[in-house]
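Engineer: Residue numbers (our numbering), protein chains in the order written: chain A, 6 to 341; chain B, 6 to 341. In this text, a Cβ means the ideal position worked out from N, Cα and C, and glycines have one as well. Bear in mind that the values here come from a model prediction, so they are computed numbers and not experimental data. Below is a structure I'd like to ask you about.
2 protein chains.
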Amino acid sequence: MKDIARKVGSSIALVSYVLNNKEGRVGLEMAEKIRKAAEDMGYQPNLVAKSLQSGRTNSLGLIVADISNGFFSQLARDVEDEAAKIGYTVIIGSTDENMEKSQRLTEAFLNRQVDGLIIAPAAGTENQLKILKERKFPFVLVDRYFPDLLTNSIRINNFESAYEATKHLLSGGREKVAMVTYADSTMAHFAEREKGYRLAMKESRSKPQLIQVSYSNMQAEMAVQMKKWMRPECQPDALLFATHSLAISGLKEIRQIGLRVPQDLALLSFDENDAFALFDPALSFIRQPLATMAAEAVKLLFANIRDSSRPYHQVVLETELVLSEKDKKKPAVRTL
Amino acid sequence: MKDIARKVGSSIALVSYVLNNKEGRVGLEMAEKIRKAAEDMGYQPNLVAKSLQSGRTNSLGLIVADISNGFFSQLARDVEDEAAKIGYTVIIGSTDENMEKSQRLTEAFLNRQVDGLIIAPAAGTENQLKILKERKFPFVLVDRYFPDLLTNSIRINNFESAYEATKHLLSGGREKVAMVTYADSTMAHFAEREKGYRLAMKESRSKPQLIQVSYSNMQAEMAVQMKKWMRPECQPDALLFATHSLAISGLKEIRQIGLRVPQDLALLSFDENDAFALFDPALSFIRQPLATMAAEAVKLLFANIRDSSRPYHQVVLETELVLSEKDKKKPAVRTL
DNA sequence: CTGAAAGCGCTTACAG
DNA sequence: CTGAAAGCGCTTACAG
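This is how it looks when you write it as structure tokens:
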């Protein structure tokens, strides 16, 4: 800008006005000269300087468990596209479900002066969120949330989704439907999925059975659990997976053990994944509306950025039970 | 910093020195007071101001085709981890293989004053890269590269990988190995994969056969192509997929058509994917060393940032042919 | 219609 | 050992 001003013999202020299209104030002739010089010299604004001045960076932080996880990478992509529409850039960080990493990421992003955060919070991060609330810093939770902490949030109807999915499995003539979920998870969205499952089981007078593995040692524990449960004398006849990661991990073991699907075992999972379509038979699954989730998250966040004392909004989205061809056509019959 | 200075009754300069541990110059007593005040007041540095002053943002831009693609999301995760080690934050953008989007992203990232870029360049973006070169802006290409444009780059040995993979398919008693790749792609890495395939075919006196689909309309074209080629009279007995996206798309059609793997068709793909392990039989694949790729990319970029006239480095990494159990045990026999 | 000046939050030579 | 000052590249009241 300094160079442009020197070249056309004006003040830096005028250059700023023209280049920001605030030129009610600037002479037409001068404006034209400035625009031309800027073009010729290939002027590109320094957004860092702009941010320091304006207090806004037009960037937002996205904090997820793991960006290499297909669920979050798709969400990230959708957030990227939504953010781009309003001129925002996205910085991404992965917590690995670890409180300390979450804390570090949050601080790093705040220091970088992001205008807001979209967070799929890790377990145990309520306090970090509370502090953000107290500071009136704009953020929106996605996927997960804390029932006791009022914030902006986007989530799916976890309870109903799990309930319907379990009902579907039961309606196929299955009785011993087990749910595969995370051990020792305190996250409300998993608890709700479990509750939905339990209610459906209760209504059909079946005994609920959880198969649990830890997040950090999933595959090894899945191997142990599957070997333990998939013996003829106690074997479930259907499994509901709480996430696609659990399903993929579980499918590997099921394949290994040599169980037949759906004869021995019917399967249904939360989330969508290429592997589900390619498994034989294709898995039915609960599709989350990720694009909508991203759009709503960005919308809420942006509204919160504009008005930091805006009331909290909670958006609950509906899922879709996507049945594979085989699941649609032939209600399963236990053949064991 | 101003508040801290006022509270302890020092100048802002001193606060800066102490908080940046450059305190050979500051009295011990004063230093201690400042540190305590900073702690009490919960001081967090404004990195935007720091960046404006220093001319460095400690952030890097990662430009890929699509962050929701498993290959790139894993790469992004590895880059994130490597960058974090040296205090860098990663901004991610997706080009959708589109030149204009690539241009916009590059400009946006430069305006945000990223210290450098890691780019999986889209076709036709040589000129954008040339401009970066002329400006001596630090960047590193990953995955793809342009043979006629000397830059920092990390890539795999595409030619040899495809050659070995094709050899493997041929060694199983197959003859009509076809390669599935992108139509009208001008990217060198795909050309090299094709060359490796062609050489292996030539050496075994087999006729090469390409099956090509476009990136933007992959699934629909894959359906057409697969129906066209997978008829008994002309059907290949093995397929080499140039990327995991092509493989997943192709597998869906193969499943649809009802071909038996490996009896009718042996399969092998570049890249790794959960779906490969869960397909029956599990697919053999060419594993790219993504973590190493990310580590080398960040290392090269960082060296380039420190020394912008550093000579260009080209790193070529080796891949690993990962054979599924079935591929290892029984060499396939044509049973059609 | 235009310019000089202050300021965003920090760093760092410079002078004492 | 410490403070006053200039400056990073921009924006925007203010005064003319």
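Can you tell me whether DSSP reads residue 12(A) as helix, strand or coil?
Structural biologist: Secondary structure at residue 12(A): helix, using DSSP grouped into helix, strand and coil.
Engineer: Identify which residue in 168(B), 210(B) and 225(B) has its Cα closest to the Cα of residue 198(B).
Structural biologist: 168(B)
Engineer: To the nearest angstrom, how far is it from the Cα of residue 287(B) to the Cα of residue 331(B)?
Structural biologist: Distance between the alpha carbons of residue 287(B) and residue 331(B) is about 8 Å.
Engineer: For residue 82(B), count neighbouring C-beta atoms within 10 Å of its own C-beta (all shown protein chains included) and say buried if the count is 16 or more, exposed if not.
Structural biologist: buried
Engineer: If the criterion is Cβ atoms closer than 8 Å, does the pair residue 121(A) and residue 259(A) meet it?
Structural biologist: Contact: no.
Engineer: Between which two residues does the alpha helix (DSSP H) carrying residue 82(A) extend?
Structural biologist: 75-90
Engineer: Three-state secondary structure (DSSP) at residue 3(A)?
Structural biologist: Given a span of 6 to 341 for chain A in the structure shown, any question on residue 3(A) remains unanswerable.
Engineer: In chain A, which residues lie with their C-beta within 9 Å of the C-beta of residue 267(B)?
Structural biologist: Those do not exist, as residue 267(B) stays about 14 Å from chain A at its closest Cβ, beyond 9 Å.
Engineer: Just tell me which of 175(A), 312(A) and 189(A) has its CA closest to the CA of residue 208(A).
Structural biologist: Closest in alpha carbon position to residue 208(A), among 175(A), 312(A) and 189(A), is 175(A).
Engineer: Leaving out the 5 sequence neighbours to the left and right, which residues in its chain are closer than 8 Å to residue 257(A) when beta-carbon positions are compared?
Structural biologist: So the qualifying residues of the chain are 224 and 227.
Engineer: Let me know the secondary structure DSSP gives residue 331(A) once reduced to three states.
Structural biologist: helix
Engineer: Compute the distance between the beta-carbons of residue 113(A) and residue 130(B), then report whether it is under 8 Å.
Structural biologist: no
Engineer: Go to residue 271(B), then tell me how far its beta strand (DSSP E) extends in each direction, as first and last residue.
Structural biologist: 271-275
Engineer: Is there a Cβ of chain B sitting closer than 8 Å to that of residue 248(A), yes or no?
Structural biologist: Look at residue 248(A): its C-beta is not under 8 Å from any C-beta on chain B.
Engineer: Quick check on residue 328(B) - is its C-beta less than 8 Å from some C-beta in chain A?
Structural biologist: no
Engineer: Counting only C-beta atoms, is residue 13(B) closer than 8 Å to chain A at any point?
Structural biologist: no
Engineer: Can you give me the Cβ contacts of residue 280(B) inside the same chain, cut-off strictly under 6 Å, excluding the 5 residues immediately before and after it?
Structural biologist: 253
Engineer: I believe residue 295(A) touches residue 65(A) by the beta-carbon criterion, under 8 Å. Please report the beta-carbon distance rounded to the nearest angstrom.
Structural biologist: Rounded, the Cβ-Cβ distance is 17 Å, inconsistent with contact.
Engineer: Quick one: list the residues of chain B neighbouring residue 260(A), beta-carbon separation under 9 Å, in chain order.
Structural biologist: 282, 283, 285 and 287
Engineer: Take the Cβ of residue 191(B) as the centre, count every other Cβ of all protein chains shown within 10 Å, and call the residue buried at 16 or more, exposed below.
Structural biologist: exposed
Engineer: Over the uninterrupted beta strand (DSSP E) stretch that includes residue 98(B), give me the two end residues.
Structural biologist: 94-99
Engineer: Check whether the Cβ of residue 27(A) lies closer than 8 Å to any Cβ atom in chain B.
Structural biologist: No, its Cβ sits nowhere closer than 8 Å to a Cβ of chain B.
Engineer: With H, G and I counted as helix, E and B as strand and the rest as coil, what does DSSP make of residue 155(A)?
Structural biologist: coil
Engineer: Could you check which residue in 264(B), 10(B), 56(B) and 156(B) has the C-alpha nearest to that of residue 38(B)?
Structural biologist: 10(B)
Engineer: Would you list the one or two residues that DSSP bridges to residue 69(B)?
Structural biologist: 99(B)
Engineer: For the region 24-53 of chain B, list every residue whose C-beta sits within 8 Å of some C-beta in chain A, in sequence order.
Structural biologist: 49, 50, 51, 52 and 53
Engineer: What number of angstroms, rounded off, separates the C-alpha of residue 340(B) from the C-alpha of residue 270(B)?
Structural biologist: Its pLDDT being 38, under 50, residue 340(B) is placed unreliably in this model, and the coordinates cannot settle the point.
Engineer: Hey, is residue 62(B)'s beta-carbon within less than 8 Å of any beta-carbon in chain A?
Structural biologist: Any Cβ of chain A closer than 8 Å to the Cβ of residue 62(B) would place that residue at the interface, and such an atom is present.
Engineer: Can you confirm whether residue 218(B), when its beta carbon is compared against all beta carbons of chain A, has any partner nearer than 8 Å?
Structural biologist: Taking Cβ atoms only, chain A never reaches closer than 8 Å to residue 218(B), which makes this a no.
Engineer: Specify the secondary structure class of residue 384(B) as computed by DSSP and reduced to three states.
Structural biologist: The requested residue 384(B) is not part of the displayed model; chain B covers only 6 to 341.
Engineer: Residue 97(B) and residue 302(B) - do their beta-carbons sit closer together than 8 Å?
Structural biologist: no
Engineer: Sort 272(B), 235(B), 56(B) and 267(B) by Cα distance to residue 248(B) and report the nearest one.
Structural biologist: 272(B)
Engineer: Using CA atoms only, rank isn't needed, just tell me which of 170(B), 183(B), 305(B) and 132(B) is closest to residue 145(B).
Structural biologist: 305(B)
Engineer: May I have a chain-ordered list of the alpha helix (DSSP H) segments no shorter than 4 residues that lie completely inside the region 173-224 of chain B?
Structural biologist: 193-208
Engineer: Suppose contacts are defined by Cβ-Cβ distances below 8 Å. Is residue 125(B) in contact with residue 77(B) by that definition?
Structural biologist: yes
Engineer: What residues in the region 65-91 of chain B bring their beta carbon closer than 7 Å to a beta carbon of chain A?
Structural biologist: 71, 72, 73, 75, 78, 79, 81, 82 and 85
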